[in-house]
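Asker:
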Amino acid sequence: MPLPPAPTRRAALLSPEALDAPARAAPKNGRRPAAERHSDDPRTRGGQALELFDDRRVVDAGGSEDLRAPSSRGRSAPAEVPVEAPAVAPAPRPAAEPPARPKRAKSTGPAKLFVLDTNVLLHDPMSLFRFEEHDIYLPMIVLEELDGHKKGTTEVARNGRQASRTLDALAAAQGADIAKGLKLDATGHKEAGGKLFFQTEPLDYTLPTSLPQGKADNQILGVVQALREVHEKSKAGTDRREVVLVSKDINMRVKARALGLAADDYQNDKALEDGDLLYSGSFALPADFWTRQSKTVESWQSGSSTFYRISGPIVPSLYINQFVYFEAPGEPSMYARVTEIRDKTAVLKTLKDYASGKNAVWGVTTRNREQNFAMNLLMDPEIDFVTLTGTAGTGKTLMALASGLTQVLDDRRYTEIIMTRATVSVGEDIGFLPGTEEEKMGPWMGALDDNLEFLAKGDGSGAGEWGRAATNELIRSKIKIKSMNFMRGRTFLNKYVIIDEAQNLTPKQMKTLVTRAGPGTKIICMGNLAQIDTPYLTEGSSGLTFAVDRFKGWPHSGHITLARGERSRLADFASDVL
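First residue of the sequence shown? That's 198 in the working numbering, and the numbers climb one at a time after it.
1) Per DSSP, A481 forms a beta bridge with which residues?
2) My output table needs one value for G755: the three-state DSSP class, helix, strand or coil.
3) Do you know offhand how far V694's Cα is from M616's?
4) Straight-line CA distance for P631 to R673?
5) Taking the C-alpha atoms as reference points, what is the distance between Y505 and V605?
6) Quick one: residues in its chain with C-beta nearer than 7 Å to the C-beta of K549, no 5 flanking neighbours on either side, listed in chain order?
7) On the criterion of 16 or more Cβ atoms from any shown chain inside 10 Å, does G357 qualify as buried, or is it exposed?
8) The alpha helix (DSSP H) that contains D769, what's its start and end?
9) Going by DSSP in three states, E248 sits in which element: helix, strand or coil?
10) Do you know how far the Cα of S496 is from the Cα of E281?
11) My assumption, with CB atoms under 8 Å, is that H331 sits in contact with A308. Please give the rounded CB distance.
12) Is the distance from the Cβ of D401 to the Cβ of G390 below 9 Å?
13) With 16 other CB atoms within 10 Å as the buried threshold, where does Q371 fall?
14) So what's E388 in DSSP terms, helix, strand or just coil?
15) Please list the segments of the alpha helix (DSSP H) lying wholly inside the region 385-467, counting only runs of 4 or more residues, in order along the chain.
16) What residue does the beta strand (DSSP E) around D697 start on, and which one ends it?
17) Quick one: residues in its chain with C-beta nearer than 7 Å to the C-beta of A793, no 5 flanking neighbours on either side, listed in chain order?
18) Any idea if D314 is buried or exposed, counting beta-carbon neighbours within 10 angstroms, 16 or more meaning buried?
19) To the nearest angstrom, how far is the alpha carbon of V558 from that of A699?
20) On the DSSP letters alone, give me the boundaries of the alpha helix (DSSP H) that M707 sits inside.
21) Which residue or residues does DSSP assign as beta-bridge partners of A543?
22) So the alpha helix (DSSP H) L600 belongs to, where does it begin and stop?
23) For T493 and I507, what's the separation of their Cα atoms in angstroms?
24) Pull up the distance between the alpha-carbon of Q568 and that of E763, whole angstroms please.
25) Closer than 7 Å by C-beta to T588: which residues in its own chain qualify, once you throw out the five before and the five after it? Chain order, please.
26) Ignore the nearest five residues each way along the sequence and tell me which others in F486's own chain have a CB closer than 7 Å to its CB.
27) How close, in whole Å, do the beta carbons of H428 and V443 come, if the pair is a contact with beta carbons under 8 Å?
28) Just how far apart, CA to CA, sit Q359 and L319?
29) Please state whether DSSP places I672 in a helix, a strand or coil.
30) Once the 5 residues before and after K380 are set aside, which same chain residues still bring their CB inside 7 Å of it?
31) Return the bridge partner residues of M616 from the DSSP annotation.
32) Hey, could you find the ends of the beta strand (DSSP E) S496 is sitting in?
33) Could you give the residue range of the alpha helix (DSSP H) that holds V353?
34) When the Cα of L418 is compared with those of D697, D446, T397 and N518, which residue comes out closest?
35) State the start and end residues of the unbroken beta strand (DSSP E) segment that holds I721.
36) Work out the CA separation of T620 and L404 for me, nearest whole Å.
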């Protein structure tokens, strides 16, 4: 792969240990410790070892100074090559998690009163504790509907039973008084600072005659209207308390607004408000990047890879394992991955070019930039969790399967491939399927059969029909098809796990699957967020979106959004116009 011209400054200060040091994630807003500059006098460094980390004084929280001794290991600089004294590098920091999301500032006005619909509790039984300092009100009809949904083995029934147990625990807490409101932090949820109120007496309200009085939704609307009238008649000199209906039912929110009542959707289950804000995993460097970095960039070679240490305003916007690329007319292109972020500097590592035939993975070569990014993640043993999103025909399943076969059969890095997917039908369900677990999952695994057929055709070894049959048997013996229904309690050791159609998973299901990973296991989640078939699941609340957003910046995970389809011109055109 062509590389940009070498910079003017060499990184001779780096020791061999530092060249191969693992990446460390650092918070983007971390403070740089105070450090003393190393002397620029060349006579003090004539035959001495160059150190990566120099003497410095670090002031701790108590105000005392800790003098750190210089490292005893280093790399001697050749006498005939003059080396400039570099600025001292900050002390190495331990690996840190991605920066936490900033909390919203609490409102200064009176606490709102949120009236919850039954579907909110059935959707998220922990929703009672998601409203910060505000209070919650449950009409009596909501409790009646919860009782009606408690039977069964479905997720809705389980959530209903969990919500009922939560309400019982709050009511049984020491000092609980239903008349004055139950403190939501009584069971240990300190993030909830409000109170829970039940409807303990009938309320007087009047709804339009066109709304049937016996329907549960209309009774909840009547309660909201009555509460609003009660709080409008509050004491003089005090701010009016806002009463808001929270419901997952769109029609109910529309009816509430038609009656002049405030209504909102339950937003806490959404990882993102807008699907366009989803982390893409790649970043385009500006056209003047090398012009600005020409004096400050450092580069060095380690094996077949070139490393660049960069600085500047783009560093705070980068994440560990994010891909960066530079493409400009008339200039050599560069494709690299962020391997380290320390304070105001980042280290980029050039990629292996899997578009070349000599680097083919199980006979498969990448056809575009994003596919090459994805293959670098799939073939990296230090990456434990990979998420791939993209439209139909971008090569997600083929690349995951090809890299899995190479690492299982050739490299012996993993013992076998485990493949599963969400069994959600596009149309009407065809009913129960006969046979064993693998036979039942067979109709859902058509993508696996199609890709295995393609990989078998690409084998140009000339072994003949018997040889190809033996190869296919060997491949299929290393691929296990498992159902998601039986994943609870399992632990996968040294496995290569592929989760297909992950956009149809809820965040709870995604957590269940990812936490099955044992030592030496790699998990690949793939999906197309534009093809969600699970009812009541959107791009913002999908488990795949949840995983991409929460894992970004972790040193052992990576994500890439595949942009261009490679299946056929018909499939590409259909993806654009249909």
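Even for Gly, the Cβ is constructed at its ideal location relative to N, Cα and C.
Keep in mind the model is a prediction, meaning the values are calculated, not measured.
Answerer: To lay it out plainly:
1) Answer by DSSP bridge pairing, in chain order: Y522.
2) Of the three classes helix, strand and coil, the one that applies to G755 here is strand, per DSSP.
3) 6 Å
4) Cα atoms of P631 and R673: separation of roughly 21 Å, rounded to the nearest angstrom.
5) 32 Å
6) N556 and N573
7) Buried, because 16 or more other Cβ atoms sit within 10 Å of the Cβ of G357.
8) R766 to V774
9) Below a pLDDT of 50, predicted positions are generally treated as unreliable, and E248, at 39, falls in that range; the measurement from the model is reported next regardless. Reduced to three states, the DSSP call for E248 is coil.
10) Legend: pLDDT at E281 = 43, less than 50; position of this residue unreliable, value from coordinates given subsequently. Cα to Cα, the separation comes out at about 15 Å.
11) 5 Å
12) Here D401 is not near G390, since their CB atoms are 9 Å or more apart.
13) exposed
14) coil
15) 413-429 and 447-455
16) K692 to D697
17) Since the first residue shown for the chain is 198 and the last is 775, residue 793 is missing from the structure and cannot be characterised.
18) buried
19) 24 Å
20) Start and end: P704 to V711.
21) I507 and I538
22) A small correction: the amino acid at residue 600 is Ser; Leu does not occupy that position in the sequence shown. Start and end: K593 to L602.
23) 7 Å
24) CA-to-CA, the gap between Q568 and E763 works out to about 10 Å.
25) N725, A727, G762 and S772
26) If we look at F486 and ignore the five residues flanking it on each side, its Cβ neighbours are F523.
27) A Cβ-Cβ distance of about 16 Å is found for the pair H428 and V443, leaving them out of contact under the 8 Å criterion.
28) 9 Å
29) helix
30) K392
31) I678 and I695, per the DSSP bridge assignment.
32) E495 to S499
33) E352 to A368
34) D446
35) K719 to G724
36) 43 Å
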